[in-house]
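Structure, as structure tokens:
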Amino acid sequence: MGRPPKPLEQREKTGRSKGRDSGGRPLPEVVVELPQASGVPEVPGTLRTADRATECPFLPRDAGEDDEADGPPGCDICARELAVLAWTSLWTNGGSWLSLQRDGRILERLCRAYDEEAHLQRALHEDGPWVAGQRGGLVAHPAVTMLRVLQDRITKWEGLCGFNPSDGGRLGVKVGRVGEKSTLEQLLERRAAGRGAPTRRAQRPAARKRAAKSD
Ligand SMILES: [Zn+2]
Numbered sequence: 001m002g003r004p005p006k007p008l009e010q011r012e013k014t015g016r017s018k019g020r021d022s023g024g025r026p027l028p029e030v031v032v033e034l035p036q037a038s039g040v041p042e043v044p045g046t047l048r049t050a051d052r053a054t055e056c057p058f059l060p061r062d063a064g065e066d067d068e069a070d071g072p073p074g075c076d077i078c079a080r081e082l083a084v085l086a087w088t089s090l091w092t093n094g095g096s097w098l099s100l101q102r103d104g105r106i107l108e109r110l111c112r113a114y115d116e117e118a119h120l121q122r123a124l125h126e127d128g129p130w131v132a133g134q135r136g137g138l139v140a141h142p143a144v145t146m147l148r149v150l151q152d153r154i155t156k157w158e159g160l161c162g163f164n165p166s167d168g169g170r171l172g173v174k175v176g177r178v179g180e181k182s183t184l185e186q187l188l189e190r191r192a193a194g195r196g197a198p199t200r201r202a203q204r205p206a207a208r209k210r211a212a213k214s215d
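In the working numbering, the protein residues as written are 1 to 215.
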């Protein structure tokens, strides 16, 4: 496995000239080719919602007997609907490059993973990192390993959907300066202007015109 690629914005900054990296190699063109989702797609039914907080598999079996919590019965993490919030947030932030057809299933898994992560972190927080081993002594809480595996997956899925710097660069997503229109917005504006009337929904294949410049 080689070095992970540098983020696009970084390669652009150190580039020799516009559209080239420091070694003079052309940078990937910033394009979006798949149809975007319009707004936040319908929340998948697999994401845990507050109305199912009493069915949470992470609830201790004897929950409710102590009645020490004053809140409504059920799991307070489920009640926060983290997966649903994540779904909304991911589609809001990544709406310009995400496609329901391509990314929907991974994002669904990613949102469920955030929810599971919060549950495991709570278990770890409440129990501490050590639990009694079967043969006496202390062993690491099982949630430690589970969290590590889960967080690796989260990072991978975030990357696949363009939510980390290097993978975002590969997808042609970069961070613009504050107050400046993103490259993507500028690109879309230029394309719309080039076509004459700005069409809202037309999904014509993007014509890649190359300016015939003599270098
Ligand atoms: Zn729960």
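Glycine residues also receive a C-beta, built at the ideal position from the N, C-alpha and C atoms. Note that the coordinates shown come from a computational prediction; the quantities given were computed from them, not determined experimentally.
Helix, strand or coil for residue i? Go by DSSP, reduced to three states.
| i | result |
| --- | --- |
| Val-149 | helix |
| Leu-98 | coil |
| Arg-20 | strand |
| Pro-26 | strand |
| Ala-206 | Only weak support exists for where Ala-206 lies, its pLDDT of 45 falling under 50; the value from the coordinates is given anyway. Ala-206: coil per DSSP, three-state reduction. |
Between residue i and the rest of its own chain, which residues show a CB-CB distance below 8 Å, the 5 nearest in sequence each way excluded?
| i | result |
| --- | --- |
| Pro-26 | Gly-19, Arg-20 |
| Leu-150 | Ala-113, Glu-116, Glu-117, Leu-120 |
Here's a check: name, in chain order, each residue in its chain whose Cβ is nearer than 6 Å to the Cβ of residue i, leaving out the five neighbours to either side.
| i | result |
| --- | --- |
| Leu-124 | His-141, Ala-143 |
| Cys-78 | Arg-48, Ala-53, Cys-56 |
| Gly-168 | Gly-162 |
| Thr-14 | Ser-22 |
| Val-43 | Val-84, Trp-87 |
Say the cut is 7 Å; is the CB of residue i nearer than that to a heavy atom of ligand 1?
| i | result |
| --- | --- |
| His-119 | yes |
| Ala-53 | yes |
| Cys-56 | yes |
| Cys-111 | no |
Should residue i go down as buried or exposed, given a rule of 16 or more other Cβ atoms within 10 Å for buried?
| i | result |
| --- | --- |
| Arg-11 | buried |
| Val-173 | buried |
| Leu-90 | buried |
| Leu-82 | buried |
Could you pull out every residue in the same chain whose Cβ sits closer than 7 Å to the Cβ of residue i, ignoring the five residues on either side in sequence?
| i | result |
| --- | --- |
| Gly-24 | Arg-16 |
Should residue i be listed as close to ligand 3, given that the test is whether its C-beta is under 7 Å from any heavy atom?
| i | result |
| --- | --- |
| Cys-75 | Annotation note on ligand 3: not contained in the displayed structure, which lists ligand 1 as its ligands. |
Under 8 Å by Cβ, that's how I've got residue i and residue j pegged, so tell me the actual separation to the nearest angstrom.
| i | j | result |
| --- | --- | --- |
| Leu-85 | Trp-157 | With a Cβ gap of about 17 Å, Leu-85 and Trp-157 do not count as contacting. |
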